[in-house]
Every structure is written in C-alpha cells, then in structure tokens.
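Chains as they are written, first to last, in this note's numbering: chain R, 1 to 328; chain E, 1 to 328. Notes for the one structure printed next.
There are 2 protein chains.
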Amino acid sequence: MVKLAIDMMGGDDAPQIVLDAVKKAVNDFSDLEIILFGDEAQCTIQHERVEVRHCTEEITMEDEPVRAIKRKKDSSMVKMAEAVKSGEAEGCVSAGNTGALMSAGLFIVGRIKGVERPALVVTLPTISGKGFVFMDVGANAEAKPEHLLQYAQLGHIYAQKIRGIEHPSVGLLNIGTEAAKGNSLTKKAYGLMAEQQVFKFAGNVEAKGLMQDVADVVVTDGYTGNMILKNLEGVAKSIGKMFKSTLLSSFKNKMAALILRKDLNQLMTKMDYAEYGGSVLLGLNGTVVKAHGSSSAKAFYSAIKQAKIAGEQRIVQTMKETVGAENE
Amino acid sequence: MVKLAIDMMGGDDAPQIVLDAVKKAVNDFSDLEIILFGDEAQCTIQHERVEVRHCTEEITMEDEPVRAIKRKKDSSMVKMAEAVKSGEAEGCVSAGNTGALMSAGLFIVGRIKGVERPALVVTLPTISGKGFVFMDVGANAEAKPEHLLQYAQLGHIYAQKIRGIEHPSVGLLNIGTEAAKGNSLTKKAYGLMAEQQVFKFAGNVEAKGLMQDVADVVVTDGYTGNMILKNLEGVAKSIGKMFKSTLLSSFKNKMAALILRKDLNQLMTKMDYAEYGGSVLLGLNGTVVKAHGSSSAKAFYSAIKQAKIAGEQRIVQTMKETVGAENE
C-alpha cells in the first residue's frame, strides 16, 4: 500500500482535473491510498481509500513562493507537504505554484541529509519515444561542480527506479563533446564524473543531440536546464504554429491536413512531455511531484502514478543510502 | 567600392561553392572587389574585380585552432585575415574551421581597442520571418556582466547597420522576465542595461519566446548562447525528421505530402538560418564573417553580401567611435 498526499487546489483547472485524476487512480490501483487537501465543499469524491482534509487557504500562481509557504499555514499545499514531512504520506503531487511547491519541498519536507542541493527533474521526449531524464531544470540558478555530480547520482537512481533502466548512462550537457570544452563549471564537473565508478558516464553531450537518445540521464545547472527546457517548449510550439498555418493556408492543404490528422495528433502526443508525468524535486525526504499548471486530468493522473512508483520503489530510501549522509 | 578577402579553401564543399558564390557576387555588385586566397590551380574565376592569391597551405576542420593559425602561415585563412589586418580588405569571409577563424580574428585582425571580448553573432529566424540578432553564440565560454553590456552595444549597432532597424530593442536572455530572476551574471547585467541610455532595453526575455519577436537583439553569455543555438538546430532537425517519417508512413500520407510539398519547402526555408547569412565576429578591426561549414553557394553568397554591407555601412568605424576606446 502506498499513501500519497494530493493538493486539490493547485493548477489552472483545479479542482476538477485533480478530482478526475484521483478517481481514476484509486480505481486503477487497489494498493493506493490518497489524502486530499483542499476545499471540502468542492470535493466530489467518496471512496474508502480517499480521505479529504479541509483547508481554509490556497496558494495562488501570483503568491510570492517563500512568503506564501511561511504565511498560508492552512493552505492545501502546506498541509500536503506536512503530511509528507510527518511520514503519514510517502509523497505528494500538486499542479500549483512551482516556486511555492519547491519552497514547501525544501522548508517543510526537507532535504535528505548529505544532499546539498535538491534538483528539479523532468523526463523529455526523444525521437525514438524512449525519452531521457533531464536535470536540474531550475531548482538552483547556480551550481558548483560537486552539485552536478550529485545531480548525476540522483538522476541515475531516478532512471533506474522510476524509468526501469538497469544501467542508465549519464551525460553532462556541454557546448562540445571533448573533455576540455565548456566553462569552468562543466570542465570541473567532467573531471568528477569521469573519476567515479557508480554510473556509466556518457561524457559531454550537446544540446543538438538531446532528442536523439544521447544518454538516459542528462545533467546541467538549473540556469542552463531551465533555459533549454523553455527553449524546447518554445521551438516546438512555434514550429507547430507555423506548420498549422501552412496546413490551413489553402483548400488543398486543408484536404491534406484531413488525411494526416490522426497521424499528426499521434506525433504531437509523442512530443508532449506532460505525457511522461510531472517534474520531481529530487533529494528530499519524500517524493514531491509537480504536475504542469495546465495539466489535463490525464497528465495529473500520470503524475500520481509517478509518485506511486517512487513510493513503491522506495526511491527516497535508496537516495539516503547511496547519495546522502548514510552513505558516508 | 568595397574590397573583401575570401577564403577559397574552407567548408565541406570548397572550393566549388565559394567560387560559385564569388562569381555571382561580382556579377551582381559592380562596386565589389574580391581577393581570393587559396590553391590557384583550382580557381576557375577570371574577372577583373577578382584577384587570386596562391596559398600553399590550408587549415582543416581537424586542426587545433590556435596552433593552426600560428603554424600554417601560408594558409588561405591566415593570408585572408592578414589582408584585413593590413587594411587592404575591409572584411573577410570563410566557411572553414570556426575556432581557427575566431583565432585568426582575435590574433591577426585584432580587437577594437576598448572592446574587451569580441562576440559571435548570428541572425535567427522568428515565426513572422523578421528574425533577431543573437549573441554571443560561443566566442567566450565565460562572461562578466560588463561583457554582456558591451555585447548589447555591439549587437545594437549590428542591428542598425546590417539589419536596417532604426531603434533596435535589446533583450537579456534569462530564465524569467522579472528583474530579480536568473543567476548572478544576469542579475548584474540587468542592472547595467537598465541604467544605460544608448539602446532601448527590452528587459529579460525567455528562451520560449525567442521565435516570437521578443526583441531585435538578444544577448547572453557564449556558453548559454551556443547551447541555445545548438538546441534550436537539434529540435528543428528532430521535429523535421519525425514529421518526414509521418509523411512517408503510408500511401495516403504520401499523397498528402505531395499536395503540401511546395508549401512545406517554403516553411523549411523560413526556418533555415543559413538564409540570414553567416555568423559574424563583432568587435574586431574588420568584419569577419563565418559562413556555415556545410554552406551552399547560396548561403556563402549571403555571407559575402553581409560582409559587403558591413563595409559600406562602416560598421567597424561606428563600433570604434561608440563602444571602443575612441568613445572614452
């Protein structure tokens, strides 16, 4: 049995999509229990494995993250994080304010002792459909070489436990493949990764190869990672837009679009990284999953599933034993 | 009359594409003179405004940049750069080894006095077809806030003189639009740019908006810029590949592809940044244009045209007067 804490109030279409996703999840998994935090009056679920806890406040997208976590003590997000902190729940999922959720993770759930900087992880699509684990996508704007090494260790465990890859390769994102390439951060991080024996180091990988299965895990600092993530989103969206206007630009193109519609939709699904679940703040004393703010019920369901697998696989315990202070 | 020095031997398909481009350029522009550096025996041009200078060496893609520039004294690239240094030519164009060309620019052509770090500039496509000036895409892996400010000043002049935009807006690439976002580099650079009065500061711009005309010039450090450039290339190529395989996956899709072919090719052309010319190393005592290694004659021709406009517009003189030590 895995017990998860869930924020009913976070995200553009909350609570509806959260409720739909929770309903489906408890029906699909008989070994899943959920504590739902939010406005009781809006909750439409009655299920023996779903407990609703009423909260009088909610954190909005406009709230300043750290202040919101400190002041809105009876918000659904704070209460959810406290349930993980106390050990009552193994993990939590929210589609709310990303900064606030990261603060809740850091200040309420807390870091694993020995993990210096928890990192934000996403799984991104590749052409083959396999995807890769990418981190840090913005938990820390600045990083030291030792942090990148620790990200790599955390990402390696994540790829093994959540993505089921037995021996994941870990690459260092850089502006060239040779060891001497990059800035002082990547040069030093390369040295640290080349020395260690825990994971298979794939060396430097370039941004142009990211969608071509260059490595199972790709590590970078949070500034660069966030930049690349937003660039990927932006380019995919822009190309999609240009393409759509081409398809609608004439009658004959519209006919061709009709023929292609089903296959193009499949292609778009393959490119949509919400399909791979939410982003995860790794290195904490519990699993904290951020579902996209614009999540559909399906994407939120994926995020719940992800948190459930993390619980089953005891990923936090493994991190404590292999990366954290228990390892020393 | 503008005189340019051109490297006949650089690039995957040299000297053929170089010769084709030069022929077209001297025919199209009656006020253009060219000195062509390379193997005389391979030169097929006889034209009153094209002078061929024989060189016994050439720098290959495998050569280590700095060493190649120092040792291959009779290479076409070194001789070309020397012609700019001496003032004989106003600018130069090569499709050869990028690192070597940057070294030739720095060590032979030389920096404008007062410009601390010359930067590599490209023009990238946007959905509207307008495009934007992006820098530094890799001349310097590390940068200080003052360097970013100087890049902005150089890019501003470039957008005015080469792209003909009267009052170009300059944005700072960052991971959020608020002034306080980013790492210590971008936070300080933001302060410097917000203070100055020379150019219109568009504030922080995000990587997801790059293709949507967020600013006429976007400035970042060379590590991040190179990363974004390669990511753009990689994503566009990967999406293209996935799309192509969808179009070829069935008979009915192939029929639809036939209908769309012409419009899709137009779309690809709009996305191809080689159409906007080469990349330019800004801040030197002469214009140094790098045409893509895999340039077609058409792309090399664009790069020649770019160097010619830079010469006509006296861009180097303007940079000396407004950014360089002559300004102090």
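Just so you know, even glycine gets a beta-carbon here, dropped at the ideal spot from N, CA and C. Just so it is clear, the structure is predicted and the values come from calculations on it, not from any experiment.
Buried or exposed (CB count within 10 angstroms, at least 16 for buried), residue i
| i | result |
| --- | --- |
| E:D216 | buried |
| R:D221 | buried |
| R:A325 | exposed |
| R:D136 | buried |
| R:G209 | buried |
| E:N265 | exposed |
| E:T56 | exposed |
| E:N327 | exposed |
| E:E166 | exposed |
| E:L106 | buried |
| E:S250 | exposed |
| E:R261 | exposed |
| R:T81 | The sequence shown places Ala at residue 81 of chain R, not Thr. Buried, since its Cβ has 16 or more Cβ neighbours within 10 Å. |
| R:A194 | exposed |
| R:D28 | exposed |
| R:S30 | exposed |
| E:R314 | exposed |
First and last residue of the uninterrupted beta strand (DSSP E) at residue i
| i | result |
| --- | --- |
| R:V50 | V50 to H54 |
| R:V280 | S279 to L282 |
| E:G96 | Note, E:G96: premise wrong, no beta strand (DSSP E); not H, not E. |
| E:L185 | Not the beta strand (DSSP E): E:L185 falls in the alpha helix (DSSP H), residues S184 to E195. |
| E:V289 | T287 to K290 |
Close-in-space but distant-in-sequence residues of the same chain around residue i (CB under 7 Å, 5 per side omitted)
| i | result |
| --- | --- |
| E:V26 | L32, I34, H47, R49 and V50 |
| E:G138 | L120, G222, G225 and N226 |
| E:S294 | D12 |
| R:S128 | D213 |
| R:A367 | In the structure as shown, chain R begins at 1 and stops at 328. Residue 367 of chain R is therefore absent and cannot be evaluated. |
| R:I59 | A68, K72, S75, M77, G96, N97 and A100 |
| R:E321 | N327 |
| R:K23 | I45 |
Bridge partners - residue i, DSSP secondary structure assignment
| i | result |
| --- | --- |
| R:M135 | R:V121 and R:V219 |
| R:V214 | Paired residue(s): none; R:V214 is not in a bridge. |
| E:N204 | E:L172 |
| E:F29 | DSSP, once it has assigned bridges, lists no residue as partnering E:F29. |
| E:I35 | E:A5 and E:E51 |
| R:G91 | R:L4 and R:T287 |
| E:E57 | E:S75 |
Cβ shell of residue i (< 6 Å), same chain only, five flanking positions each side left out
| i | result |
| --- | --- |
| R:S302 | G277 |
| E:Q153 | V323 |
| R:Q306 | G277 and V289 |
| R:V52 | L36, E40 and C43 |
| R:L192 | P145 and L149 |
| R:F134 | V122, L124 and V218 |
Rounded separation between residue i and residue j - CA only
| i | j | result |
| --- | --- | --- |
| R:Q197 | R:Y190 | 13 Å |
| E:K187 | E:A179 | 7 Å |
| R:A89 | E:V66 | 59 Å |
| R:M396 | R:D39 | Residue 396 of chain R cannot be examined here, being either before or after the span of chain R that is shown, 1 to 328. |
| E:Q160 | E:H147 | 20 Å |
| E:G164 | E:V289 | 18 Å |
| E:T123 | E:I309 | 15 Å |
| E:C43 | E:Q16 | 9 Å |
| R:L247 | R:I69 | 46 Å |
| E:T318 | E:Y151 | 14 Å |
| E:N183 | E:N174 | 9 Å |
| E:K144 | E:V235 | 29 Å |
| E:M255 | R:L281 | 47 Å |
| R:S279 | R:V2 | 20 Å |
| R:I239 | E:I228 | 16 Å |
| E:A257 | R:K237 | 21 Å |
Endpoints, the alpha helix (DSSP H) within which residue i is located
| i | result |
| --- | --- |
| R:L149 | P145 to K161 |
| E:S169 | Looking at the DSSP string, E:S169 is not in any alpha helix (DSSP H); the run it does join, the beta strand (DSSP E), is S169 to N174. |
| E:E312 | A297 to E312 |
| E:F107 | No alpha helix (DSSP H) contains E:F107, which DSSP labels as neither H nor E. |
| E:T318 | I315 to T322 |
| R:E82 | S76 to K85 |
| E:V66 | P65 to R71 |
| R:T269 | F251 to M271 |
Residues near residue i by beta carbon distance below 8 Å, same chain, minus five either side
| i | result |
| --- | --- |
| E:D63 | K72, N97 and A100 |
| R:H156 | P168, V170, V198, F199 and V217 |
| R:M61 | G96, N97 and G293 |
| R:F132 | T123, L124, T126, L210, D213, V214, A215, D216, V217 and V218 |
message: At a CB distance below 7 Å, what residues from the region 221-235 of chain R approach chain C? Give them in sequence order.
response: In the structure shown, chain C does not exist; the protein chains are R and E.
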